[in-house]
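Protein chains: 2
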Amino acid sequence: MTLPHPNADQISLPIVLAVLGDPTRLAIVRYLASKEGVPLNCSQFLDLGSKTNLSYHLAKLREAGVTRAEVVGTSRLITLRRDDLDARFPGLLDSVIAAAEDTALPMVGGHEVEISA
Amino acid sequence: MTLPHPNADQISLPIVLAVLGDPTRLAIVRYLASKEGVPLNCSQFLDLGSKTNLSYHLAKLREAGVTRAEVVGTSRLITLRRDDLDARFPGLLDSVIAAAEDTALPMVGGHEVEISA
DNA sequence: TCCTTAGTTCAAAAGTTATTGAACAATTGG
DNA sequence: CCAATTGTTCAATAACTTTTGAACTAAGGA
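Sequence lines, in order, name chains A and B.
The first sequence begins at 1 in full-length UniProt numbering and counts up one residue at a time.
The second sequence begins at 1 in full-length UniProt numbering and counts up one residue at a time.
Structure representation (structure tokens):
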């Protein structure tokens with residue numbers, strides 16, 4: 001079983017920007033970037049929202065071509081599609097991640113979400 | 001009379017990304033970038049939408065801090081806020097503009113909008 | 001097999017954004 | 001002053017997005 005992903009040449013700039021323009025999704029990308037190389041499963045993002053809500057946001061990221069999700073057992077291992085994004089939109093991902101770094105994280109339950117390396 | 005603009009430190013990354021994630025607004029920015037240095041008034045964007053609709057999108061760009069609008073007579077002279085964007089989010093604007101360059105322009109009335117330098 | 005864990009799907013509700021047309025305001029030129 | 005030009009505002013509507021909970025599927029371990 002595999003989940004649907006656009007191929008690299010189908011990745012659309014306005015869609016990528018719109019998808020990154022949501023604070024929850026930007027935080028997900030930021031977290032993925034901080035652990036680049038390590039595939040994460042959905043439950044690692046539970047700080048950022050409920051299970052259903054994350055399922056929704058992670059699907060948006062995947063369908064936009066920002067992330068890749070590999071099905072392994074009952075888990076989805078999620079990674080950034082850095083290779084394809086860099087090829088298609090050089091420098092974009094890095095500048096977004098760098099810019100996101102000195103931006104406040106979303107507040108969940110009254111305290112700032114932690115991103116531990 | 002002056003129009004409200006955020007100051008540089010109030011410019012928010014998710015808001016900028018969301019604002020750029022609309023095809024009409026991305027086309028406006030692309031057009032501004034192609035004529036950088038030359039202030040444009042609203043009527044130069046009429047290919048991209050109706051007068052009211054452009055007023056709406058140009059206000060979004062201004063309120064997000066992406067553009068600056070100077071009131072001169074009955075015109076608004078619109079420019080990219082490159083200085084502030086570059087300071088706040090280094091490389092972001094350039095990578096977006098470069099990426100937008102090989103992206104289809106929005107269709108208006110059945111034919112692709114022209115960006116003449 | 002039964003239970004748990006991981007995540008999806010669905011439908012409803014709430015909220016937000018985009019588009020339109022008609023009416024308005026302000027400036028400029030005749 | 002009058003008319004034209006430039007652009008805004010308003011209210012309505014349409015369209016989309018986000019969030020939620022309940023129900024579901026699929027895999028893995030006891």
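All residues carry an ideal CB built from backbone N, CA and C; glycine is no exception.
Quick caveat, the model's predicted, so the values are computed rather than measured.
Checklist entry - Since residue 70 of chain B sits in a beta bridge, which residues does DSSP pair it with? => result Taking the first residue of the second sequence as position 1, residue 70 of chain B is located at position 70. Residue 70 of chain B is bridged to B:77.
Item to check | Cut-off 7 angstroms between Cβ atoms - residues of its own chain near residue 84 of chain A, not counting five sequence neighbours on either side | outcome: Mapped onto the first sequence, residue 84 of chain A falls at position 84. Cβ within range, chain order: 8, 11, 65.
Next on the checklist: What does the Cβ neighbour count give for residue 117 of chain A, buried or exposed, with the cut at 16 atoms within 10 Å?
Outcome noted: As a working mapping, residue 117 of chain A is identified with position 117 in the first sequence. Confidence is the limiting factor: at residue 117 of chain A the pLDDT is only 46, short of 50, which leaves the residue's position unreliable and the question unanswerable from this model.
Item to check | Three-state secondary structure (DSSP) of residue 117 of chain B | outcome: Locating residue 117 of chain B in the second sequence gives position 117, counting from the first residue. Unreliable positioning characterises residue 117 of chain B in this predicted model, as indicated by a pLDDT of 46, which lies under 50. The coordinate reading is nonetheless provided below. Coil at residue 117 of chain B, not helix or strand.
Item to check | Buried versus exposed, by CB contacts within 10 Å (16 or more), residue 21 of chain A | outcome: Working through the first sequence from its first residue, we reach residue 21 of chain A at position 21. Buried is the call here.
Item to check | Check whether residue 19 of chain B and residue 60 of chain B have beta carbons under 8 angstroms apart | outcome: As a working mapping, residue 19 of chain B is identified with position 19 in the second sequence. As a working mapping, residue 60 of chain B is identified with position 60 in the second sequence. Contact: yes.
Checklist entry - How would you list, in chain order, the residues of chain B whose beta-carbon sits under 7 angstroms from the beta-carbon of residue 89 of chain A? => result Sequence index remark: in the first sequence, residue 89 of chain A carries index 89 (1-based). Simply 95, 99.
Checklist entry - With distances taken between CB atoms, is the gap from residue 26 of chain A to residue 6 of chain B smaller than 8 angstroms? => result One-based indexing of the first sequence puts residue 26 of chain A at position 26. One-based indexing of the second sequence puts residue 6 of chain B at position 6. Contact: no.
Item to check | residue 96 of chain B vs residue 92 of chain A beta-carbon contact at 8 angstroms | outcome: Residue 96 of chain B sits at position 96 when you count from the first residue of the second sequence. Residue 92 of chain A sits at position 92 when you count from the first residue of the first sequence. Yes, they are a contact pair.
Checklist entry - How big is the Cα-Cα spacing for residue 46 of chain A and residue 86 of chain A? => result Position 46 of the first sequence, counted from the first residue, corresponds to residue 46 of chain A. Position 86 of the first sequence, counted from the first residue, corresponds to residue 86 of chain A. C-alpha separation (whole angstroms): 28 angstroms.
Next on the checklist: Using a Cβ-based criterion (distance less than 7 angstroms to any ligand heavy atom), does residue 36 of chain B qualify as near the ligand ATP?
Outcome noted: Because no ligand of any kind appears in the structure shown, any question about the ligand ATP cannot be addressed here.
Checklist entry - Where does residue 40 of chain A sit, in a helix, a strand or coil, going by DSSP? => result Start at 1 with the first residue of the first sequence, and residue 40 of chain A comes out as number 40. In this structure, residue 40 of chain A counts as strand in the three-state DSSP scheme.
Next on the checklist: Tell me the DSSP secondary structure of residue 54 of chain B in three-state form.
Outcome noted: As a position in the second sequence, residue 54 of chain B is number 54, starting the count at 1. If DSSP states are grouped into helix, strand and coil, residue 54 of chain B belongs with the helices.
Checklist entry - Roughly how many angstroms separate the alpha carbons of residue 53 of chain A and residue 40 of chain B, rounded to a whole number? => result Reading the first sequence from its first residue, position 53 is the one you call residue 53 of chain A. Reading the second sequence from its first residue, position 40 is the one you call residue 40 of chain B. Their backbone Cα atoms lie some 42 angstroms apart in a straight line.
Next on the checklist: I need the boundaries of the alpha helix (DSSP H) containing residue 24 of chain A, first residue and last residue.
Outcome noted: The residue given as residue 24 of chain A occupies position 24 in the first sequence. Counting along the chain, the alpha helix (DSSP H) containing residue 24 of chain A begins and ends at 23-34.
Checklist entry - What's the C-alpha gap between residue 29 of chain A and residue 80 of chain A? => result Taking the first residue of the first sequence as 1, we reach residue 29 of chain A at position 29. Taking the first residue of the first sequence as 1, we reach residue 80 of chain A at position 80. The straight-line gap from Cα to Cα measures roughly 7 angstroms.
Item to check | Cβ shell of residue 71 of chain B (< 7 angstroms), same chain only, five flanking positions each side left out | outcome: Indexing the second sequence from 1 puts residue 71 of chain B at position 71. So the qualifying residues of the chain are 1, 2, 3.
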